[in-house]
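These protein sequence lines are chains A and B, in that order.
The numbering of the first sequence is numbering that gives the first Met the number 0, which starts it at 0 and goes up by one.
The numbering of the second sequence is numbering that gives the first Met the number 0, which starts it at 0 and goes up by one.
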Amino acid sequence: MRTILKVTAVTVAAAMALSACAASDRDEPEAEDGGGTTSSGRDTFIFAASADPASLDPAFANDGESFRVARQIFEGLVGTEPGTADPAPLLAESWEVSEDGLEYVFDLKRDVTFHDGTPFDGEAVCANFERWNSFTGVLQSESLSYYWQKVNGGFASSDVESLDGTGKYESCAAPDEHTAVITLASPLPEFISALSLPSFSMQSPTALEEYGADDVGGDSAAPVLPEYATEHPTGTGPFVFDSWTRGQEIVLAGNPDYWGEQGQVQRIVFTVIDDPTARRQALQAGDIDGFDLVGPADVVALEEEGFQIVDREPFNILYLGMNQADPDLADLTVRQAIAHAINKEALVAQTLPEGTEVATNFVPPSVAGWSSDVETYEYDPDRARELLAEAGKSDLTIDFNYPTNVSRPYMPTPEQVFQSISADLEEVGITVNAVPEPWAPDYLDRMQGTPDHGLHLLGWTGDYNDTYNFIGVFFGAESNEWGFSDPELFEMIGDTRYQTSVDEQTAAYEAANEAILERLPGVPLAHPVPSLAFSPSVQGYPASPVQDEVYNVISLDD
Amino acid sequence: MLRLVMQRLALLVPTLLGLSVLLFLWVRALPGGPATALLGERATPDAVERINALYGFDRPLVEQYLTWLGQLLQGNFGTSTRTGRPVLDEFLVRFPATIELTLLALVIAVGVGIPLGYLAARHQGRALDHTTVGASLLGVTIPVFFLAFLLKYLFAVQLGWFPSAGRQNPAMISTHPTGFYVLDGLLTREWDAAWDAMAHLVLPAVALGSIPLAIITRITRASVIEVQNADYVRTARAKGLRPPRLRRRVVLRNAMLPVSTTIGLQVGLLLSGAVLTETVFAFNGIGSFLANAVFNLDYAVLQGFILFIAVVYALVNLAVDVSYGLIDPRMRVR
Numbered sequence: 000m001r002t003i004l005k006v007t008a009v010t011v012a013a014a015m016a017l018s019a020c021a022a023s024d025r026d027e028p029e030a031e032d033g034g035g036t037t038s039s040g041r042d043t044f045i046f047a048a049s050a051d052p053a054s055l056d057p058a059f060a061n062d063g064e065s066f067r068v069a070r071q072i073f074e075g076l077v078g079t080e081p082g083t084a085d086p087a088p089l090l091a092e093s094w095e096v097s098e099d100g101l102e103y104v105f106d107l108k109r110d111v112t113f114h115d116g117t118p119f120d121g122e123a124v125c126a127n128f129e130r131w132n133s134f135t136g137v138l139q140s141e142s143l144s145y146y147w148q149k150v151n152g153g154f155a156s157s158d159v160e161s162l163d164g165t166g167k168y169e170s171c172a173a174p175d176e177h178t179a180v181i182t183l184a185s186p187l188p189e190f191i192s193a194l195s196l197p198s199f200s201m202q203s204p205t206a207l208e209e210y211g212a213d214d215v216g217g218d219s220a221a222p223v224l225p226e227y228a229t230e231h232p233t234g235t236g237p238f239v240f241d242s243w244t245r246g247q248e249i250v251l252a253g254n255p256d257y258w259g260e261q262g263q264v265q266r267i268v269f270t271v272i273d274d275p276t277a278r279r280q281a282l283q284a285g286d287i288d289g290f291d292l293v294g295p296a297d298v299v300a301l302e303e304e305g306f307q308i309v310d311r312e313p314f315n316i317l318y319l320g321m322n323q324a325d326p327d328l329a330d331l332t333v334r335q336a337i338a339h340a341i342n343k344e345a346l347v348a349q350t351l352p353e354g355t356e357v358a359t360n361f362v363p364p365s366v367a368g369w370s371s372d373v374e375t376y377e378y379d380p381d382r383a384r385e386l387l388a389e390a391g392k393s394d395l396t397i398d399f400n401y402p403t404n405v406s407r408p409y410m411p412t413p414e415q416v417f418q419s420i421s422a423d424l425e426e427v428g429i430t431v432n433a434v435p436e437p438w439a440p441d442y443l444d445r446m447q448g449t450p451d452h453g454l455h456l457l458g459w460t461g462d463y464n465d466t467y468n469f470i471g472v473f474f475g476a477e478s479n480e481w482g483f484s485d486p487e488l489f490e491m492i493g494d495t496r497y498q499t500s501v502d503e504q505t506a507a508y509e510a511a512n513e514a515i516l517e518r519l520p521g522v523p524l525a526h527p528v529p530s531l532a533f534s535p536s537v538q539g540y541p542a543s544p545v546q547d548e549v550y551n552v553i554s555l556d557d
Numbered sequence: 000m001l002r003l004v005m006q007r008l009a010l011l012v013p014t015l016l017g018l019s020v021l022l023f024l025w026v027r028a029l030p031g032g033p034a035t036a037l038l039g040e041r042a043t044p045d046a047v048e049r050i051n052a053l054y055g056f057d058r059p060l061v062e063q064y065l066t067w068l069g070q071l072l073q074g075n076f077g078t079s080t081r082t083g084r085p086v087l088d089e090f091l092v093r094f095p096a097t098i099e100l101t102l103l104a105l106v107i108a109v110g111v112g113i114p115l116g117y118l119a120a121r122h123q124g125r126a127l128d129h130t131t132v133g134a135s136l137l138g139v140t141i142p143v144f145f146l147a148f149l150l151k152y153l154f155a156v157q158l159g160w161f162p163s164a165g166r167q168n169p170a171m172i173s174t175h176p177t178g179f180y181v182l183d184g185l186l187t188r189e190w191d192a193a194w195d196a197m198a199h200l201v202l203p204a205v206a207l208g209s210i211p212l213a214i215i216t217r218i219t220r221a222s223v224i225e226v227q228n229a230d231y232v233r234t235a236r237a238k239g240l241r242p243p244r245l246r247r248r249v250v251l252r253n254a255m256l257p258v259s260t261t262i263g264l265q266v267g268l269l270l271s272g273a274v275l276t277e278t279v280f281a282f283n284g285i286g287s288f289l290a291n292a293v294f295n296l297d298y299a300v301l302q303g304f305i306l307f308i309a310v311v312y313a314l315v316n317l318a319v320d321v322s323y324g325l326i327d328p329r330m331r332v333r
C-alpha cells in the first residue's frame, strides 16, 4: 500500500513541478535564456504552416506552403512591387524586350552570391533555365515541374508528344557576367509576370549539381525527392535553410551575406499545425507569432482579443458556374434570370470576410484586362421573374452542387454561400435541389470529370498578374465544368494571350471579359479577402496579393 | 513458454495476410483516385491517366496486390504519394513521438488507475468509491478528442500552463540524437529542452490516457473486490497473515491478472486514440500522419501504417499473455 501511495505522490508531485515549470516559462516569455540551448529573444519569428512543403526545391513545387518557404530562401529575376501583383526588378535590375517579343535581355544585380558562395551571374541564370527546359522522365510530371510546363508549354524533349519540343523557351546566353539573354521561339507576353513565381527562382548551379537536384526517384514509382530538395536548397535570399523535421517544423537562419537589408528576424520557424482551430489556439496561447488563412469567424474573435488581422489584397475569384450541359441552363435567358436573382451585396456581407469586394469580372480588378464595361446584372428579383416567364421556365427546378467540409482561400464557407444563393433563387420561384458533396475527390471529380452537375460553386486564386491566368484557365477551351463550346470565344482568349503589345493586349482582354459576361457562363460573385493573424508584437508584415511575402522586413516588438 | 510464443507468432502470418488482402481491397474501393489527390483541383483527364499508368493504378487488381505484397516482404512499404518519401522513413521519423506519448499515457493510466481502483475497492461503498466509480464512468464516456480539446482550451489557451501544440517550443534550439525528445534532452544534458518536451507531452498524454485510466480503475476495483472476498484470502487471514503482507502478496497479486489483460488491450486503444489526440495537439507522431493520409487518400501510407499497427497490437498482446506467467506461477506450466 505504501508503495502505491508513494507512486501516486510522486506522480502528483511531478505533474505539479511540470506545470510550475511550464508556467514559469510563460511568465518570462522568450527573453530568458535557460541553459544556453534556447535561442529566443525577439529575433525568432514563428509562423504556423498548414502542412509541410511539398519540396524545398521550388522548381518542383506548386503549393502555397512550399512557396512560403521558398520566398525566404530564394529570389527570382523578377519580383513584385510590394503589396501588388505587378512585376518589379529583383535579381534582374532591369530588362529589355525586343520588338518581336522574342528576346529578353536581363541586366543582373551585381555582387550577389548564393548561400554556398557561388556567384550569381549570367551563367547561373542560363544554368537554371537550361535545367528547367531539359527536365526528363519523372521530372516532367505535373506534380513536379507544373509551372514550367504550364508557362513554357513543353520541354526540350519528352516522351509525351504534346510536351516534346513544344516549349516557348529556345535558348539562353550570357554575353557577360552581368547579362543574361533569353530567346523565345514565339512570343509569350506573360513571361515577365510569370518569372515572379517562386518556381522560377534562381538556384545555385553548384549546389544543384553537388546534391543531385535532378535525381528524382529511381524507378517509375512515386517521385522520391533528392537530397537537394529536402536538405540543401541554395538560393540568394535573406534566409538560409537550417533544418526540416518532417511534419513538424522547418527552420531557417538569417543570411549574414545577404545583398539587401537583413532586418531584425534572424531565425524563422515554420511550425506545422494542420488543424485551423489548432492554429488559432496556438496563437492565442502564445506559441506562435502568426498564421495564414484565418477563417471569417475567427477574424472577429481574434481582433477582439487584441490580435492583429492583416488582409491581403484579393487576387482570386469566387463564382457560380452554370453548366450548359443542363438543358435549362443552356438557355441564356434562364442564366440571365439567375444572375439577376442573386443579391451579391448581401451574399458578401453575410458570408464572406470583411473587406471582400463584389465581383463583376472573372478576374480581380488588380489584373490588367479587368473591364468596367461588362454587363453587371444588378440584383432585381422582378426582372428575374420576368425573364423566367419569358423563357417559359417559371416553375424551374435546378440542381445546385456545392462542396462540404472545405475552406478555400476564395471560399471560406461554401455551405453558407450555398444557403444565401439558394434563398435568392427560391425567392424568384426557382426550386433548388441541393447536391452537397465532399470537396476532394467527389466534388472536384464531378466538376471536372463529368457533365453531371448544374449550378455549382468554384473559384480560383491567381498565380501572377495575367488575365490568361484566370479566364484562360476557365474559358480557354471546352470543358466539363462549363459544358459549352464557343470556338469564337476560345479563339479570342487564345489569340489575346500571345499579343506582344501590352496596350493592345489589355484592350483585347477587356473585350474578352465583356464577351464572357455577355455569354454569361457563370456569375462572378466576389473577390474574398484572405486574412492572416499575428500577435500584437509583429510589425510590418508585407502582405501581398500573390503571397510574395519575405520576412526580412518584419519587426518584432518585445 | 517458448512454444507458446512460437505458436502465437506463427498465427500472426495468416492474420496479417488476411488483413493485407482486406486493406488492399478497401483502399482500392475508396471513391476517387490517388491521381486526383496528387494533381489537385485543375487536373485534366489526360494527366490523371498518365499518373495512373505511371503508378500502376490501372493494372489488374491481383497483379497490383502481388506486387505490393512482394514489396512488403522486402520491407518496402511503398512511397507516400503526398510527401514522395518512403513510408518506412516517414514512419521511423514519427514513431518515437508516438511511443513517448503512448508510454506517458500508459504510465498515467496505470500509475493512477491501479492505486485509485485499489483504494476505491478498499473503501467500497464509501464516498471515495462512489466518486471514483462516477469519475471513471465519465472518463469512459467522454470522447478522446473532446477531452483533448477541452484540456487544451483550459490549460493551454486560457490558463497558459502548458503549450498548445507541437513537441517542442519552436524557439528552442536543441539536438536530437534519438528522436525521443525527453530522452534526448536528458542525454545531451539540455535540461530545459527535456522539460520543454515533457511539458508538451502532458496534456496530450492525459487526454490519451483518460479512457484507459478509467477502464483500468474500474477493472482493478472490481477485481480487488472479488479477490478480497475470495476463500483463499479469508483462509490466509485466518492463518494470521499480517494485513499489509496479505494485501501485497495475496490480494493485489491475484487481482492483477485481469488488469494486465486489460492493459494489453488498452495499447490498441492508445494507438487509435493517438490519431485524434495528435491531431488536436499538432503532435507530429504516426497518429497525425495517419489522419493526414486519410484526408489525402495517401494509399501507401494507409496500408503500411495500419498493417504496422496491427503487428504492434498483436505483439503487445503476446507480451501480455507471456506476462501472465510472471504474475501467476500456475500459468507457467503450460
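Backbone N, C-alpha and C fix where the C-beta goes; we use that ideal spot for every residue, glycine too.
Just so you know, these numbers come straight off a predicted model, no measurement behind them.
What separation, rounded to the nearest whole angstrom, lies between the Cα atoms of residue i and residue j?
i	j	result
Asn360 of chain A	Pro176 of chain B	56 Å
Ala383 of chain A	Ile337 of chain A	7 Å
Asn551 of chain A	Phe306 of chain A	21 Å
Thr261 of chain B	Ile215 of chain B	7 Å
Gly77 of chain A	Leu90 of chain A	In the sequence as presented, Gly is not what sits at residue 77 of chain A; that position holds Val. Taking the straight line from one Cα to the other gives about 7 Å.
Thr43 of chain A	Gly55 of chain B	45 Å
Ser161 of chain A	Val416 of chain A	39 Å
Arg121 of chain B	Leu186 of chain B	42 Å
Asp297 of chain A	Met171 of chain B	28 Å
Pro28 of chain A	Ile287 of chain A	Confidence at Pro28 of chain A is low in this model, with a pLDDT of 37, below 50, so its placement is unreliable and the value that follows should be read with caution. Cα-Cα distance, rounded: 12 Å.
Leu245 of chain B	Ile224 of chain B	14 Å
Thr396 of chain A	Asn61 of chain A	40 Å
Ile326 of chain B	Leu256 of chain B	7 Å
Leu202 of chain B	Phe46 of chain A	22 Å
Leu314 of chain B	Glu277 of chain B	23 Å
Leu387 of chain A	Gln335 of chain A	9 Å
Between the Cα of residue i and the Cα atoms of the options, which residue gives the shortest distance?
i	options	result
Pro352 of chain A	A:Asp110, A:Ile429, A:Met410 and A:Asp379	A:Met410
Thr82 of chain B	A:Val528, A:Thr229 and A:Ala87	A:Thr229
Asp163 of chain A	A:His177, A:Thr178 and A:Ser133	A:Ser133
Pro169 of chain B	A:Val124, A:Phe66, A:Pro544 and A:Ala281	A:Ala281
Gly234 of chain A	A:Ala206, A:Ala367, A:Glu374 and A:Tyr210	A:Ala206
Asp494 of chain A	A:Trp438, A:Ala506 and A:Phe483	A:Ala506
Thr112 of chain A	A:His177, A:Gly166, A:Tyr103 and A:Ser142	A:His177
Gly121 of chain A	A:Ser484, A:Gln283, A:Ala173 and A:Met321	A:Ala173
Ala69 of chain A	A:Pro186, A:Leu251 and A:Val431	A:Leu251
Val249 of chain B	B:Asn283, B:Leu146 and B:Ala229	B:Ala229
Val271 of chain A	B:Phe145, B:Ser287 and B:Asn316	B:Ser287
Phe90 of chain B	A:Gly246, A:Ala50, A:Ala193 and A:Glu374	A:Gly246
State the start and end residues of the unbroken alpha helix (DSSP H) segment that holds residue i.
i	result
Ala108 of chain B	Val86 to Arg121
Ala196 of chain B	Trp190 to Gln227
Glu277 of chain B	Arg252 to Val279
Ile141 of chain B	Run containing Ile141 of chain B: none; DSSP gives neither H nor E here.
Asp183 of chain B	Tyr180 to Leu186
Return the first residue and the last residue of the beta strand (DSSP E) that residue i is part of.
i	result
Thr178 of chain A	Thr178 to Leu183
Pro59 of chain B	That residue, Pro59 of chain B, is in no beta strand (DSSP E); it is neither H nor E in DSSP.
query = Which ranges does the alpha helix (DSSP H) cover as unbroken runs of at least 4 residues, wholly within the region 322 to 385 of chain A, from first to last along the chain?
reply = Under the rule that a run must span 4 or more residues, the alpha helix (DSSP H) segments found entirely inside the region 322 to 385 of chain A read 331 to 340 and 343 to 350.
key: Where the region 70 to 88 of chain B meets chain A: residues whose CB sits under 9 Å from a CB there   = Hits within the stretch, in order: Gly77, Thr78, Ser79, Thr80, Arg81, Thr82, Gly83, Arg84, Pro85 and Asp88.
query = What alpha helix (DSSP H) runs, 4 residues minimum, are completely inside the region 475 to 534 of chain A?
reply = Counting only runs of 4 or more, we get 486 to 496 and 501 to 518.
message = Going residue by residue through the region 263 to 328 of chain A, where are the continuous beta strand (DSSP E) segments of at least 3 residues, counting only ones entirely within it?
response = Within the region 263 to 328 of chain A, the complete beta strand (DSSP E) segments at least 3 residues long are 266 to 271, 307 to 310 and 315 to 321, listed from N- to C-terminus.
inquiry  = For the region 156 to 175 of chain B, list every residue whose C-beta sits within 9 Å of some C-beta in chain A, in sequence order.
reply    = Residues are counted here when their Cβ sits less than 9 Å from a Cβ of chain A; for the region 156 to 175 of chain B these are Val156, Gln157, Leu158, Gly159, Trp160, Phe161, Pro162, Ser163, Ala164, Gly165, Arg166, Gln167, Asn168, Pro169, Ala170, Met171, Ile172, Ser173, Thr174 and His175, given in chain order.
query = Which runs of the beta strand (DSSP E) fall wholly inside the region 424 to 459 of chain A and span at least 3 residues, in chain order?
reply = You should have 430 to 437.
query = Which parts of the region 129 to 200 of chain A are runs of the alpha helix (DSSP H), unbroken and 4 residues or longer, counting only runs that do not cross its ends?
reply = Correct list: 141 to 151 and 190 to 193.
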